[in-house]
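Sequential numbering from 21 applies to the sequence shown in my numbering.
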Amino acid sequence: FTRKPSAGNPLAGKSFARNPDTLRRFVPKALVVAFLAGGTTAFVADDKAVRLDIDGTPRTLHTFADDVTELLADEGVTVGPHDVVAPAPGAGLDHGDEVVVRYGRPLDLTLDGHHSRVWTTAGTVEGALRAFGIRAEGAYLSVSRSARIAR
């Protein structure tokens, strides 16, 4: 490749294809530019905006996590056997996905004289009663229906 002569062009009439010094200087620079462009493209392509909702408190964040388990680990969210995670841990993540975590809460019930401890992801006593299908009209409740259930 030879440049056409023109006034004021210092490279006029120089041949790049036959000059090894020019190629030696050009190739490393071209490789650096290609590497940076490719790396930046890969970096941006892996970035995902996802919505993480923990017990009703949502937030949108950017992550490079490939699945729900990795996202939760990156965010310091630990889950136990009574917690609910949707989509399930291990499920893949895509841009725009939503991950919901509901922590399990112990609830001590006495129904018809029988004591039991049950687990619920409901945040209030009323929500737990509804989830268990318990109709409590006229029943004695030791706490208000609107009382929050602690973790």
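Beta carbons: idealized from backbone N, C-alpha and C, even for Gly.
Which same chain residues end up closer than 6 Å to residue i when comparing Cβ atoms and leaving out the 5 residues on each side of it in sequence?
i	result
S136	L129
D20	Given that the chain is displayed from residue 21 to residue 171, the structure contains no residue 20 and the question cannot be resolved.
R171	Y123, R125
V53	none
Please name the residue or residues paired with residue i in a DSSP beta bridge.
i	result
R137	D128
D120	Note that residue 120 is Val in the sequence shown here, rather than Asp. DSSP, once it has assigned bridges, lists D73, A106 as partnering V120.
T42	T42 pairs with nothing; no bridge assigned.
R168	T144
Residues in its own chain within less than 7 Å of residue i by CB, not counting five upstream and five downstream?
i	result
P146	Note on identity: in this sequence residue 146 is Glu, with Pro being the wrong assignment. Within the same chain, E146 has close Cβ partners R165, S166.
D67	H82, F84
A142	A148, A151, I169
V163	V145
F55	none
F63	With a pLDDT of 49 at F63, under the threshold of 50, the predicted position of this residue should be treated as unreliable, and no value is reported.
G110	D87, V88, T89
D132	none
My guess is that residue i and residue j are in contact by the Cβ rule of under 8 Å, so how many angstroms apart are they, rounded?
i	j	result
L127	T140	5 Å
A69	T80	6 Å
Residues in its own chain within less than 8 Å of residue i by CB, not counting five upstream and five downstream?
i	result
P101	G124
T98	L92
**Study point:** Three CB pairs or more closer than 8 Å across the region 116 to 124 and the region 71 to 86
**Key:** yes
Exercise for review: Just list the beta strand (DSSP E) runs in the region 62 to 117, keeping only unbroken ones of 3 residues or longer that don't cross its boundaries, in chain order.
Suggested key: 68 to 74, 77 to 83, 104 to 106
Practice item. Take every Cβ of the region 150 to 160, pair it with every Cβ of the region 98 to 111, and state whether three or more of those distances are shorter than 8 Å. Key: no
Point to revise | Cβ contact check for the region 87 to 98 and the region 109 to 118: 3 or more pairs under 8 Å | key: yes
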